[in-house]
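Single-structure report; data block below.
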């Protein structure tokens, strides 16, 4: 464990908590893409199957359970409890166009052709594009509530911090995982436009408005 | 391989 990965995991945890608080407190999931939340649930499910047969540390196990529970809990809140507030007309990104390529690529480019390894690789590829429906929704509505932009900032920061973790591990532990690194860079790049708007607008108290 | 080590990442 290193400081970059710890901060990354905490940023990820904070993002998930911010989202649950936003939906629970405002009793609304307006501005949130249910499609992205479905993709995150698929990512965590396919990545954390090793919970069954591999114990790494209490921290690792607890965080995996929290991420799984929070992602399914968010889907429950969005598609059941607060279904009336779900923006079905704007949340129209075709996620099959993200899932299929990730699955095909995982079958072609992986470290080992074994079920758990393919699923892990699939989850890495899918996670790198899982935020697209959410960014698409924000661009369609043209704006986002400030708490939603804080959620996105934390979520985007988590994988950006992981990049520093990979740099650290390359020099300190002399090991690297190209699949995770390339996907992590793609994932972080997708947030760049949002990061720019967040830092230049939201941090100055303005609302996050995307140029229409 | 490299994969073993990054298994401890979330």
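Residue numbers (this note's numbering), protein chains in the order written: chain A, 16 to 227; chain B, 16 to 25. All C-beta atoms, glycine included, are put in the ideal place defined by N, C-alpha and C. In this text the structure is predicted, and so the values were computed from the model without any measurement.
Query	Result
Is the stretch 54-64 of chain A touching the stretch 85-105 of chain A, taking contact as three or more C-beta pairs under 8 Å?	yes
Using 8 Å as the threshold, is the C-beta distance between residue 27(A) and residue 170(A) below it?	yes
Could you pull out every residue in the same chain whose Cβ sits closer than 6 Å to the Cβ of residue 144(A), ignoring the five residues on either side in sequence?	113
Counting pairs of Cβ atoms below 8 Å between the stretch 26-40 of chain A and the stretch 179-194 of chain A, do you hit three or more?	no
Quick check: the Cα distance between residue 204(A) and residue 149(A), rounded to an integer number of angstroms?	15 Å
Is it the case that the stretch 120-131 of chain A contacts the stretch 175-189 of chain A, given that we only count it when at least three CB pairs across the two stretches are under 8 Å?	no
In the DSSP output, which residue or residues are listed as bridge partners for residue 158(A)?	224(A)
Establish whether the CB of residue 195(A) and some CB of chain B are separated by less than 8 Å.	yes
Does the stretch 63-76 of chain A come close enough to the stretch 99-114 of chain A that 3 or more CB-CB pairs lie under 8 Å?	no
With a Cβ-Cβ cutoff of 8 Å, do residue 108(A) and residue 83(A) count as a contact?	no
In angstroms, rounded to a whole number, what distance separates the CA positions of residue 184(A) and residue 96(A)?	42 Å
Going along chain B, which residues have a C-beta under 7 Å from residue 20(A)?	24
Expressed to the nearest angstrom, what Euclidean distance is found between the alpha-carbon atoms of residue 218(A) and residue 167(A)?	13 Å
Measuring only between beta-carbons, confirm whether residue 71(A) sits less than 8 Å from chain B.	yes
For residue 59(A), which residues in the same chain have their Cβ closer than 7 Å to its Cβ, ignoring the five residues on either side in sequence?	82, 83, 86
Find the residues of chain B that neighbour residue 68(A), judging by a C-beta separation of less than 9 Å, and give them in chain order.	Neighbours of residue 68(A) on chain B: none; closest Cβ ~12 Å, over 9 Å.
Which residue comes first and which comes last in the alpha helix (DSSP H) that contains residue 27(A)?	18-41
Just the Cα atoms here: how many angstroms apart are residue 229(A) and residue 45(A)?	Residue 229(A) falls outside the range modelled here, since chain A spans only 16 to 227, and no answer is possible.
Could you run through the stretch 156-171 of chain A and flag, in chain order, every residue whose CB is less than 7 Å away from some CB of chain B?	none
Straight-line CA distance for residue 221(A) to residue 176(A)?	26 Å
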